[in-house]
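Enquirer: To start, I am sharing the structure in question, which I have written as structure tokens.
In the UniProt record's numbering, the protein residues as written are 1 to 291.
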């Protein structure tokens with residue numbers, strides 16, 4: 001028994017070591033840094049206790065960033081969970097007789113394209129004068145609806161959200177397709193023979209059997225939404241007028257534009273706390289449903 005435990009421990013050590021070096025140690029260091037006033041231009045640091053956290057309470061940009069993260073999260077859950085589940089159900093239902101592999105690839109390919117490339121593509125699409133979106137609206141006689149989509153504080157965030165859902169919904173769709181394919185075909189065949197419609201199969205058989213996978217997709221989506229950075233940085237860098245700032249982007253701005261590394265660390269800890277709380281709520285909810 002001891003030999004077996006030693007073998008198990010031997011296999012676990014590399015993973016534990018990697019997690020410690022690249023996850024736990026940086027998190028602990030970041031928590032420590034948040035209690036100091038730090039600058040990249042000086043090796044000295046001033047201990048200020050909870051000063052950075054008190055500053056966050058009065059920082060209007062933090063409130064804007066949290067609101068934007070929550071808006072981003074809501075629409076990500078709608079598309080990357082809700083719409084992705086619907087697409088997965090349709091593709092695996094047999095409604096589409098031919099070309100299922102083509103459609104799976106069509107939905108998945110955007111998720112493997114570099115965000116820099118996708119950002120450049122959508123920046124051109126949203127361009128106010130020659131962009132494809134405004135040109136399309138003018139062709140339809142809807143010129144009054146044209147905007148400088150990324151230059152307008154009311155539309156910039158939603159333009160980025162639309163781009164992000166186009167890119168990542170296919171990824172979560174594939175995760176759900178794999179989960180559906182693990183369900184025994186005999187169960188679904190029996191349901192068909194008993195006269196169950198596609199939507200009845202989805203409601204009473206498929207979704208209950210993949211609820212753990214759905215929960216994982218929800219947690220992944222929440223984590224992505226709370227840590228979103230690249231999309232914002234590539235397209236607007238938080239503008240116009242901080243209207244698209246998210247916590248991740250503001251953390252970067254605080255560190256490298258304002259030279260407030262301690263404050264940036266505090267923002268990073270806020271992201272961690274919110275993400276852990278939301279993920280924990282989802283896990284508890286899933287556990288409650290199981291019970």
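Beta carbons are placed, not taken as given, at the ideal position from N, Cα and C, and that holds for glycine.
(1) If you check the beta carbons only, do residue 221 and residue 76 fall under 8 Å apart?
(2) What are the start and end residues of each continuous alpha helix (DSSP H) run of 4 or more residues lying completely inside the segment 168–248, in chain order?
(3) Throw me the rounded Cβ distance for the residue 238 and residue 250 pair, which I believe falls under 8 Å.
(4) Which residues in the same chain have their Cβ closer than 8 Å to the Cβ of residue 271, if we skip the five residues on either side of it in sequence?
(5) CA-CA distance, residue 139 and residue 125?
(6) Do the segment 202–213 and the segment 121–136 touch if we need at least three Cβ pairs shorter than 8 Å?
(7) Is residue 87 near residue 107, with beta carbons less than 8 Å apart?
(8) Kindly indicate the opening and closing residues of the alpha helix (DSSP H) around residue 103.
(9) I'd like the list of long-range same chain contacts for residue 198, defined as Cβ closer than 6 Å, with 5 residues on each side in sequence excluded.
(10) Between residue 214 and residue 81, which are expected to be in contact by the criterion C-beta below 8 Å, what is the C-beta distance as a whole number of angstroms?
(11) Comparing C-alpha positions only, which one of 200, 129, 245, 115 sits nearest to residue 234?
(12) What's the call for residue 91, buried or exposed, on a 16-neighbour Cβ count within 10 Å?
(13) Is residue 165 helix, strand or coil by DSSP?
(14) Considering only the beta carbon of each residue, do residue 275 and residue 223 sit closer than 8 Å?
(15) Going by C-alpha to C-alpha distance, which of 148, 141, 142 sits closest to residue 130?
(16) Among 136, 17, 25, which residue has its Cα nearest to the Cα of residue 144?
(17) Check whether the segment 153–167 and the segment 188–204 are in contact - that is, three or more C-beta pairs closer than 8 Å.
(18) Let me know if residue 292 comes out buried or exposed under the rule of 16 or more other beta-carbons within 10 Å of its beta-carbon.
(19) Given a cut-off of 8 Å on the beta-carbon distance, is the pair residue 71 and residue 150 in contact?
(20) Using a Cβ-based criterion (distance less than 7 Å to any ligand heavy atom), does residue 138 qualify as near the ligand ADP?
Expert: The short version:
(1) Their beta carbons are under 8 Å apart, which means residue 221 touches residue 76 by this criterion.
(2) 185–193, 198–201, 211–226, 230–235
(3) 7 Å
(4) So the qualifying residues of the chain are 226, 227, 247, 248, 251.
(5) Looking at the two C-alpha atoms, the distance is approximately 15 Å.
(6) no
(7) yes
(8) 100–108
(9) Taking C-beta separations shorter than 6 Å and ignoring five residues to either side along the sequence, the partners of residue 198 in its chain run 93, following chain order.
(10) Their Cβ separation, rounded to whole angstroms, is 7 Å, which keeps residue 214 and residue 81 in contact under 8 Å.
(11) 115
(12) Under this definition residue 91 is a buried residue.
(13) For residue 165, the three-state secondary structure derived from DSSP is helix.
(14) yes
(15) 148
(16) 136
(17) no
(18) The structure shown does not extend to residue 292, since the chain is modelled only from 1 through 291, so no value can be given for it.
(19) Not a contact, by the Cβ cut-off of 8 Å.
(20) Ligands in the displayed structure: none, and consequently the ligand ADP is not present.
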